[in-house]
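Peer 1: Can you keep this structure in mind? I'll have questions shortly.
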Amino acid sequence: TATVALNAGSGGNYANVIVVAKSGGDYTSVAAALASISDSSSSNRYLVYVAPGTYTETSLVDVKPYVHLQGAGQNVTVVTSARSGIASGVLNGATVRMRDNAQVSDITILNEATTNDVAVGVYMENVSHGALLKDTTVKTLGTVANLNTAIYLLEAEPTIRGSWLQGTGTAPNLVGISSENGDDGFPRARIDDSTILAGNDSTESCAVPTGTALSLFESSPTINNSHICGGARAVFLGISGFPAIHHSTVRVSTGFNAALTETPASGIVSIATSRVDNFNDAFEGTPPRCAYTYSLNYDTLDQNCSNGPVAQ
Numbered sequence: 008t009a010t011v012a013l014n015a016g017s018g019g020n021y022a023n024v025i026v027v028a029k030s031g032g033d034y035t036s037v038a039a040a041l042a043s044i045s046d047s048s049s050s051n052r053y054l055v056y057v058a059p060g061t062y063t064e065t066s067l068v069d070v071k072p073y074v075h076l077q078g079a080g081q082n083v084t085v086v087t088s089a090r091s092g093i094a095s096g097v098l099n100g101a102t103v104r105m106r107d108n109a110q111v112s113d114i115t116i117l118n119e120a121t122t123n124d125v126a127v128g129v130y131m132e133n134v135s136h137g138a139l140l141k142d143t144t145v146k147t148l149g150t151v152a153n154l155n156t157a158i159y160l161l162e163a164e165p166t167i168r169g170s171w172l173q174g175t176g177t178a179p180n181l182v183g184i185s186s187e188n189g190d191d192g193f194p195r196a197r198i199d200d201s202t203i204l205a206g207n208d209s210t211e212s213c214a215v216p217t218g219t220a221l222s223l224f225e226s227s228p229t230i231n232n233s234h235i236c237g238g239a240r241a242v243f244l245g246i247s248g249f250p251a252i253h254h255s256t257v258r259v260s261t262g263f264n265a266a267l268t269e270t271p272a273s274g275i276v277s278i279a280t281s282r283v284d285n286f287n288d289a290f291e292g293t294p295p296r297c298a299y300t301y302s303l304n305y306d307t308l309d310q311n312c313s314n315g316p317v318a319q
């Protein structure tokens, strides 16, 4: 195994270390390095360290259980692909897949697909809170026919911390995090200290009225200390679910038909102790349930996050 000065933040005890580098490492491909692992377990953990540089992958970057994929820093180590899929084959459109008890940190992950229907930055299915995405930038930037989503969760409730998650490009549906249930009931992802963006605007202001920061179907994530901004919707809650947002900023553009939340069926979005920039007091369907929320101008908002009278 090649010898490198590993990031001090890698932490943990690893029985195995694999180095990916442009030269002098064990592999030059991130996907190939991960594919070489067949015996990872709780007692036989792997660290796959990716040295600075941009790594363009054609195969799925599959992070297996008890494997930590670590870069040299966001925007220092970049893994990119143009992988794309169809609506019934979302995984085929993912740059990275994270399995349960996998970890990804200190890296940038891009998807720049230009064909088919779906492009995904990171895909997770049936994972627990033991799957950890930390200090990572994930962006979809391409021009697929339907969906660009930074994160796609299927019956998954990972832990996400300190990350920048952005769905942008020119697809009709631009999403920061897509989360849906299969048949096991309301998955509860934990998201802390992160930025979740969606739309054609490349900044945190979401000035262009496109994109949905959180697109949730029977999902109930808990989000803390984060910035949530979608040009068209901050949160879309389809079918049902009970997402909870605390100590965060929730923002939507001033564009025509933009709405802070859209809840066409059952379920409710709860927002507490947060700043809400919904400008036109707009929501679709069931209004959000709000407590101790305030506007951009620090006006106290009512129980629906609007500027009406506050219940005493």
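Numbering (the numbering used here), first residue to last: 8 to 319.
Where a beta carbon is used, it is the ideal one built from N, C-alpha and C, also for glycine.
#1: Measure the C-alpha to C-alpha separation of S313 and E119 and round it to an integer number of angstroms.
#2: Report the partner residues of C297 according to the DSSP bridge assignment.
#3: Between K146 and the rest of its own chain, which residues show a CB-CB distance below 7 Å, the 5 nearest in sequence each way excluded?
#4: Buried or exposed: F290, going by 16 or more other Cβ atoms within 10 Å of its Cβ?
#5: Helix, strand or coil for L67, going by three-state DSSP, please let me know.
#6: Near D130, what residues of its chain come up, given a Cβ to Cβ distance below 6 Å and the 5 sequence neighbours on each side ignored?
#7: Curious, which full-length beta strand (DSSP E) runs of at least 3 residues does the stretch 131-181 contain?
#8: For the candidate residues C297, A266, S91, whose alpha-carbon lies nearest to that of E64?
#9: Is it the case that the Cβ atoms of S260 and C213 are separated by a distance below 9 Å?
#10: Please return the same chain residues whose Cβ sits closer than 8 Å to the Cβ of Y21, not counting the five positions on each side in sequence.
#11: Beta carbon of I93, beta carbon of N123: below 9 Å?
#12: Quick check on the burial criterion: 16 or more other C-beta atoms within 10 angstroms. Buried or exposed for G248?
#13: What distance in whole Å lies between the Cβ atoms of L221 and F243, which are believed to be in contact at a cut-off of 8 Å?
#14: DSSP beta-bridge partners for F224?
#15: Does DSSP put L41 in a helix, a strand or coil?
#16: Could you give the uninterrupted runs of the alpha helix (DSSP H) lying entirely in the stretch 99-132, keeping only those of 4 residues or more?
#17: Could you check which residue in I198, A178, T177 has the C-alpha nearest to that of S186?
#18: Please go through the same chain and pick out, in chain order, the residues whose beta-carbon is closer than 7 Å to the beta-carbon of I44, but skip the five residues on each side of it.
#19: For S48, which beta-bridge partners are listed by DSSP?
#20: Hey, how far is the Cα of H253 from the Cα of D309?
Peer 2: Taking the geometry as given:
#1: 38 Å
#2: I278
#3: L117, G128, A157, Q173, T175
#4: buried
#5: coil
#6: Looking at the sequence provided, one finds Tyr at residue 130 rather than Asp. These residues qualify, in order along the chain: L98, A101, R104, Y159.
#7: 139-147, 154-161, 166-168, 171-174
#8: S91
#9: yes
#10: R52, Y53, L54, H75
#11: yes
#12: buried
#13: 7 Å
#14: E187, G245
#15: helix
#16: none
#17: I198
#18: Y53, K71, V74
#19: N51
#20: 16 Å
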